[in-house]
Amino acid sequence: MAIKLNRIGLELAQYRGGKTTLCAGCGHNAISERIIDACFEMGIDAKQMIKLSGIGCSSKSPAYFLSGSHGFNAVHGRMPSVATGALLANKKLLAIGVSGDGDSGAIGIGQFVHLMRRNLPMLYIIEDNGCYGLTKGQFSPTADMGSTLKTGAVNDLPPIDMCALAIELGASFVARSFSGDKKQLTALLKAGLAHRGTVMLDVLSPCVTFNDHEGSTKSYDYVREHEDPLHEVSFVPHFEDIAVEQTPGETSVVTLHDGSRVFLKNVGEDYDPTDKLSAMRTLMETARRGEYATGLIYVEPDKDDFCTLLNTVDEPLALLPQARTRPPQAALDELMESLR
Amino acid sequence: MAIKLNRIGLELAQYRGGKTTLCAGCGHNAISERIIDACFEMGIDAKQMIKLSGIGCSSKSPAYFLSGSHGFNAVHGRMPSVATGALLANKKLLAIGVSGDGDSGAIGIGQFVHLMRRNLPMLYIIEDNGCYGLTKGQFSPTADMGSTLKTGAVNDLPPIDMCALAIELGASFVARSFSGDKKQLTALLKAGLAHRGTVMLDVLSPCVTFNDHEGSTKSYDYVREHEDPLHEVSFVPHFEDIAVEQTPGETSVVTLHDGSRVFLKNVGEDYDPTDKLSAMRTLMETARRGEYATGLIYVEPDKDDFCTLLNTVDEPLALLPQARTRPPQAALDELMESLR
Amino acid sequence: MGTLEVASEAEPVSAGSPPRIVNDFSLQIATVNGSGSQTANLVLLRSIFQMGIPVSGKNMFPSNIAGLPTWYTIRVNPKGYIARKKEIDILVAMNAETAREDVLTLPPGAAVVYDEPLALKGLRDDLVFYPVPFDKLVAPVCPDAKLRRLVRNMIYDGILARLLSIDMAEMEKALLKQMGKKARAAQMNLAALKAGWDYAEASLPKGDAFSVERMNKTAGMILVEGNAAAAMGCMMAGCTVVGWYPITPSSSLCESLIGYLRKYRTDPDGKATFAAVQAEDEISALGMVIGASWAGARAMTATAGPGISLMSEFVGLGYYAEVPAVIFDVQRVGPSTGLPTRTAQGDILTTAVLSHGDTRHPLLLPSTVQECYEMAMDAFDLAEQLQTPVFVMMDLDLGMNTWMSDPFPYPDKPINRGKVLTEAKLRELGAQWGRYADVDGDGIPWRTIPGDGLPPFFTRGSGHNAKAQYSERADDYGNNMDRLSKKFDTARGLVPQPEIESRPGAPIGLIAYGTTDFSIRESRYQLQDERGIATSYYRLRGYPFGSSLGEFIDQHDRVYLVEQNRDAQMLALMRMELGPERLAKIRSVLHYNGLPVDARSITDQVLAHEGLQAPIPAALRHRMSGAVRASGVGGE
Amino acid sequence: MGTLEVASEAEPVSAGSPPRIVNDFSLQIATVNGSGSQTANLVLLRSIFQMGIPVSGKNMFPSNIAGLPTWYTIRVNPKGYIARKKEIDILVAMNAETAREDVLTLPPGAAVVYDEPLALKGLRDDLVFYPVPFDKLVAPVCPDAKLRRLVRNMIYDGILARLLSIDMAEMEKALLKQMGKKARAAQMNLAALKAGWDYAEASLPKGDAFSVERMNKTAGMILVEGNAAAAMGCMMAGCTVVGWYPITPSSSLCESLIGYLRKYRTDPDGKATFAAVQAEDEISALGMVIGASWAGARAMTATAGPGISLMSEFVGLGYYAEVPAVIFDVQRVGPSTGLPTRTAQGDILTTAVLSHGDTRHPLLLPSTVQECYEMAMDAFDLAEQLQTPVFVMMDLDLGMNTWMSDPFPYPDKPINRGKVLTEAKLRELGAQWGRYADVDGDGIPWRTIPGDGLPPFFTRGSGHNAKAQYSERADDYGNNMDRLSKKFDTARGLVPQPEIESRPGAPIGLIAYGTTDFSIRESRYQLQDERGIATSYYRLRGYPFGSSLGEFIDQHDRVYLVEQNRDAQMLALMRMELGPERLAKIRSVLHYNGLPVDARSITDQVLAHEGLQAPIPAALRHRMSGAVRASGVGGE
Ligand SMILES: Cc1ncc(C[n+]2csc(CCOP(=O)(O)OP(=O)(O)O)c2C)c(N)n1
Ligand SMILES: Cc1ncc(C[n+]2csc(CCOP(=O)(O)OP(=O)(O)O)c2C)c(N)n1
Ligand code: SF4
Ligand code: SF4
Ligand SMILES: [Mg+2]
Ligand SMILES: [Mg+2]
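Residue numbers (our numbering), protein chains in the order written: chain A, 1 to 340; chain B, 1 to 340; chain C, 1 to 636; chain D, 1 to 636.
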């Protein structure tokens, strides 16, 4: 039978990357797979996409998907500024950033805060395992209070909830998922690729080598048992118009700026992802219960993104010819005259 | 008539510092005065207090109060780590940190986040003028959307609400005040000196030289018109027991770990500063209205502070004799044996 | 010019029979910052400039916003020696806090215009005093009391115009230019100017030696600060992305740049051909520049010492991953926060070897405002040609002070974007091409840019091979590091080459860079004129060094390297590569007190090294040069 | 020892008539990381060590967590030369990915123990092959299939025990020590060990030349990694505050330290006499150290290159505000992220001049694990004596690999906290005292500590005078900077002094520091033994340099400075201060490929400089030394 092709005529394999060097079973590998699926299904043009990351096991993963895209594995915790610069240079690029809970929550928290505040148009993924995998398992700032290391050491500091922080700071699309939740994660990734603005996606991604034991709140078992989905997420891109039958009150829909739609089917009491305060409440309460609320936590589909605010010419600045970037003799003359 | 002495027999003048080099009328100068008042009234022993700051006009101010205390004017945005180290070395010291909205909100936001998360026992003051005073008035991250510079430039990014951030991250005493509100600011400062844990006090402190014009949302006029006190704050230290008559429902009281009491007299509908979520709601709603909620926004009187969590010996680590810090021959022998 | 020659050498003597000293003096206005004297000072500077006389204006201000002592110094010199000079000939004393010390440090014969209440007359009898009742004079011309603080400054301009015979017409012209549209303010200031002139006319008989006379040495020239000049260069270089964080003394570079870009790089529809972002700190500012350059933009940032330290890690990434970046370091006095409003050349060594591991970075060394403009353009070309971070090492004196210059020429060569791969080039290279493959033998590889449709690659700061694949292989690492060394050698021929003035047969050679140039020129004149010592001069304009450096040293018996830092930082870089014979010839002349180096300090040190007694008391050691001023605040 | 002498020089030839080579070989286990071979490797190392034979163990691992090629190398040498050696004599090939290349790079006569399915026998006929059916052998001894991956490694220990005649009793003893309490695991591993021995006994006739014989050269000695040794030093130095951020290869220094502190510095009531905080990054880690030191604690942090770059601004503050700080730099390969799991001496120059403005920092240079322990203590004393940040420059090879050492001596001198003011001292000094006043003429002032009740002062990174008051005065600035220079001169006599081995009349002097020491010792033996060239040796142990350096150079015709970086970084520091005659004598010997330098590379380069042809093909250039290994991952 013929291999499935996407809307730009490519097959899934063409969205793959290099062979992973991460541990077998690492949540990060599963996320890479979902990214490949999502980009394939969205019919992304890899040549117009850039992959960025900081340093960490998670940050290595951009090398393991979309080998057709440029990648930039920057320095520890500084991916946000590099991504910002790249998008200033060329706002037409579709940027996907992969970071870790240490990379973004510890050394990179400052740049994280300001990227969220700017609502920079990109898909920002945190592969969250509550530890520093690449340096052999120390606690990260997202480690929960009372969670233990293999050594038995107990974390006595409260975790930073990267989602709550992102919402508080102004990110316009904030979601949480689990590397093991194929359906939800793929749907959120596709929606994230469609949204214009900062998409902050915190994905619980267990570290099988250092943080998958009894006593850890970021282990596969713990996360499976404590994942508390806010709704069932499904995504219909603008280029498909499937009618999704929705029993009113049962399913709500969020329409993104490009016409794509995110369908949210209630599982418990209904949840409105456009209400900032209830989003904060939900995060606080689930956290208090030791659970992880997953799904589309907060979205503001039409918020201006940073590149729009900058109001630059339509072409990418990076590709402007000299004629557009070097003012004429007259301009210099005028300046000189003003100084005489 | 005799000069007033405080409970340790000192007069107000003994809490003063060097002559200010800040502009006449700068909010920061008023705050220094309030700090002097508060320390005097609390009968603080200056020799057991340390003053820390980063870089900025605000950060210069520790030189202008309590010349009887050691001071450390560190590097830009890094006061939190220096303060943390100092308190690790000597947990008996009473630390007061003065920073600016640029110092803490821009370059220093990373260290700010992690200090709040640790609930480090100190009084952390942000002298908030929405701009970089010392570098001549550029916008800072707390500048409100739509606020303008003297040049007419308009800020199009949302402000970071340092109070909301501090609450979200775990600070146990979060308040906002105004350099011009003598009574409220002094009461909050005294309460802050009594609380054990991170006291994050965001004080609106207009920059008369660069940000006090029409169109600025951090000018004296604007702040006066838009200050929205949550309650009337009064403070009774543990060493005074004045009975404060309180009409039930009208006034609520917060008792701090040392027995000091903060009285909060309702002005509008009553407000519970121990409810995290309503604190967040209040901040969001007042901000949406373009107002500044002031007063004691959130407090958790009995939360463990960082130094307590570290469970170090009662004496300051800095003053331990060699006998306490150099293990005996036997320890080394044991180690050597384990390596044979 | 005979008179002038004579005049300028004449020893000023105490008032009485004043010899005329024309167009050759330093004038200093002592005030407090925030008192709005800047307008009056610039009008004074500009009016003398408009009379065709060489001038420079230097502002020595404290590191706060208002209320502390500030000194503005104007150097006037007929031969065009406009470096800082130690002696102040004319003092305008407006600040009670410093007036006493200011007066006591003056040389005999100096003139002192002062605010009458300060009652300075009694302090010395070898000076010429001009008391002025500023408050009395300002009231009538400025009814609005709130504005008087500002307007009263214009009065001393009027006084000086009369005393120094500065053409009032030029003063008024300068004032109107300075005021721009503010008509009402202009009127008030004109009145104040006039009031000062009238008062001097009526009540201040000329008793000192100094005056100006029209010359023709500034025709067509401009007055500008180095930061503004560099900003113009960035704009003309086609800079498209600016990531910055404010810090003195570099802020005005980015702020002027943004101003120019708004004006000249915005399309009719209001859309910009640039993006400028005030980052949250310097690390982020450089991160944006690196991200933008990687994505094909011409990106820059500007900072000072503390920012350079913070950028260290990212600079190493730029070096090793080979990403262009243009970084201006407007140097101030370090270490640490140091003296943020004082000048130095103290970041040279750290910057050249910035970041851990084996790294080397090109430095561009502008001396004049025109070079700030030109080297800004060079920097963008070099960063892209070499695919590495490039530093333009300015200093506070150059960046924030006002300098005369010929107008800046329109760039004569097109923008050079370096080795950016094209379809055609790729076809030519075929399989040879690898992101980090040295196909041309100059150590510089060919790069592609995201979105250009050409083969992508993975950029990283970790080990990689010629194909940009991750590698920990010993051979890949070594080959790559050797190629980077080769690339740095290629840079020797690409950075701005030195300007060499060889005096045949001169035993002494002088080497300097940056703003030291102005004092060197004057010092060479002093050595020749006072001691008959001929000198050659090697003005270094870029690092890494070219072969001409060694040759210059070979041509002289003794070489003096003059720098404005404590540790002889540029000499340290030279010592890393020069042979022993050459090193044996080099002596270091250092100046590090926060003030721009003056010619006399250099001359004296050279003479001392040469075994010739300096004419001035040894007490005035080089470091101590310049009237030592208090601007510290007791309590702090 | 005659036999040994002979043996160790005998050229191994292809199997058949094997000459005996006793206690002189390099053994390498090629596996993948995360496969749990570390236990087996350490047991092997320890058992040989227990037999009294000099050994060292080096782990060459990739920068990821599991699944990539890793090589563990054990050097056995009767004379105690335990530096890395290029040739591998015995290979244990467990990794399919690298087996082929591993085998092809072996010298003739080498032995290869390999996993049978890899079928390597056919690759070469000049080696001795020992195929082993690991899976077959492991099944019976380890019923639990999940554990086999780990246990099977123990089998090669058994095989090697038999082939090299390692005493099984020592093997078992080493295994039990390694296993500690885990009895069940121990039993399984003992069985696997036995299974390996039995299999070799039954099916692998000895065909190679290598074996071990009991010696008495390790009696009483210990085996330890440099990071653990440094950690012990920090604890014994009375360190009370640790602020750190994880980074390879420094993490295990702080982690061991915290482990030791928990065990030996916790009071019976569970309260600690220390505080250790994992900071959010390196900037914060050093900030905590500076804050703690300022408040009177003995505080430290440890990091690697990237952290050094990030700490740059704070280090400048420490230098200028004169706050003690102890910083360990366990150097890895830069620039940028570089090769995080490879070794280098590449941060020397950047660190010595770290931070903008004129700055200089003391560097301590340990060569051995014992010096890691001792210099850790020195560092705390020096940081407080000099009131400045002090760096201990280790490297990955020293910090993470396992070294033999005499047991560490208990400190013989009390903790030295430097000039901390006391009531009495204050009374003595009276008005003379100022926080930054040089009352003793050594450039080092007296400090007070918050909470001590003595006069407080204001600490700042901006300009200040001797009384710690804010000052922008030119004289205050200059005087302070000159005092800091004087203080740095004082440091010359306080940092660890060099260890000098002078051979009277030797024309050649060698200078080295850090881990290069091990190869230098062997290289000197090679030069003497193979070429009859006598050499003197100057082992540098600290920066700034002492006067002995120049004297050493004067005593020799030619001096070779050997370092493990590309840019001759230590030489650059020497060039900054040595006179031309001395510089003329120095030549640089460099090695920079991520692997520890080996003696042969040094010997060959020295011979080449001396104009003597090296015996080995020039093809093996120094950089390329060591089997060049692929551990890069194609696609990445
Ligand atoms: C400046 C700097 N500091 C420290 C390190 C060491 N380091 C590498 S990855 C890492 C943490 C990674 O944790 P996280 O971001 O959560 O990624 P994970 O490995 O858990 O996926 C650290 C501390 C570094 N590479 N650079
Ligand atoms: C590393 C570094 N970057 C930049 C600066 C320049 N700088 C000094 S103060 C300041 C901002 C101060 O703003 P804020 O903290 O709000 O204080 P304010 O002056 O407004 O009270 C800046 C950017 C510096 N001193 N150090
Ligand atoms: S160490 Fe943990 S995070 Fe890193 S690759 Fe392995 S499983 Fe993943
Ligand atoms: S500039 Fe603004 S912030 Fe700074 S001292 Fe003046 S008024 Fe205060
Ligand atoms: Mg992680
Ligand atoms: Mg501010």
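Note that the Cβ used here is the ideal one computed from N, Cα and C, for glycine as well.
Contact test: residue i Cβ vs ligand 6 heavy atom, cutoff 7 Å
{"i": "B:Gly100", "result": "yes"}
{"i": "A:Asn129", "result": "no"}
Residue i Cβ short of 7 Å to ligand 5 heavy atom set
{"i": "A:Ser53", "result": "no"}
{"i": "A:Ser140", "result": "yes"}
Straight-line Cα distance separating residue j from residue i
{"i": "B:Ser69", "j": "B:Arg224", "result": "33 Å"}
{"i": "C:Glu472", "j": "D:Leu223", "result": "28 Å"}
{"i": "A:Val174", "j": "B:Leu332", "result": "53 Å"}
{"i": "C:Leu561", "j": "C:Pro366", "result": "17 Å"}
{"i": "D:Gly291", "j": "D:Ala276", "result": "14 Å"}
{"i": "C:Ala619", "j": "C:Gly542", "result": "In this prediction, C:Ala619 has a pLDDT of 39, which is less than 50 and means its spatial position is unreliable; what the coordinates show is noted afterwards. Each residue's Cα considered, the two are about 35 Å apart."}
{"i": "D:Gly546", "j": "D:Gln331", "result": "24 Å"}
{"i": "C:Gly316", "j": "D:Pro340", "result": "14 Å"}
{"i": "D:Arg149", "j": "D:Asp89", "result": "26 Å"}
{"i": "A:Gly17", "j": "A:Ser67", "result": "4 Å"}
Expected contact under 8 Å - CB spacing of residue i and residue j to nearest Å
{"i": "B:Val97", "j": "B:Arg78", "result": "The amino acid at residue 97 of chain B is misidentified as Val; the sequence shows Gly. B:Gly97 to B:Arg78, Cβ: 11 Å. No contact."}
{"i": "A:Val253", "j": "A:Val299", "result": "Contact flag wrong, Cβ pair sits at about 11 Å."}
{"i": "C:Ala279", "j": "C:Ala285", "result": "4 Å"}
Residue i CB to nearest heavy atom of ligand 1 below 7 Å
{"i": "B:Phe114", "result": "The sequence shown places His at residue 114 of chain B, not Phe. Not under cutoff, so the answer is no."}
beta-carbon residue i near ligand 2 non-hydrogen atom, thresh 7 Å
{"i": "C:Leu310", "result": "yes"}
{"i": "B:His76", "result": "yes"}
Which runs of the beta strand (DSSP E) spanning at least 3 residues fall entirely within the stretch 503-580 of chain D, listed in chain order?
-> As far as the stretch 503-580 of chain D is concerned, its whole beta strand (DSSP E) runs of at least 3 residues are 508-513, 535-540, 558-563.
With distances taken from each beta carbon to the nearest heavy atom of ligand 4, which residues come in below 5 Å, in chain order?
-> Selection output, chain order preserved: B:Leu22, B:Cys23, B:Cys26, B:Cys57, B:Gly133, B:Cys207, B:Val208, B:Thr209, C:Ile65.
Counting only runs that start and end within the stretch 371-450 of chain D, where is the alpha helix (DSSP H) found for 4 or more residues in a row?
-> Segments of the alpha helix (DSSP H) lying fully in the stretch 371-450 of chain D: 396-400, 423-429.
Note down, one range per segment and in chain order, each alpha helix (DSSP H) of at least 4 residues found wholly within the stretch 208-287 of chain D.
-> Segments of the alpha helix (DSSP H) lying fully in the stretch 208-287 of chain D: 226-236, 251-264.
Uninterrupted beta strand (DSSP E) stretches inside the stretch 155-223 of chain A (no shorter than 3 residues) = Those beta strand (DSSP E) runs which fall completely within the stretch 155-223 of chain A and span 3+ residues are 173-178, 198-204.
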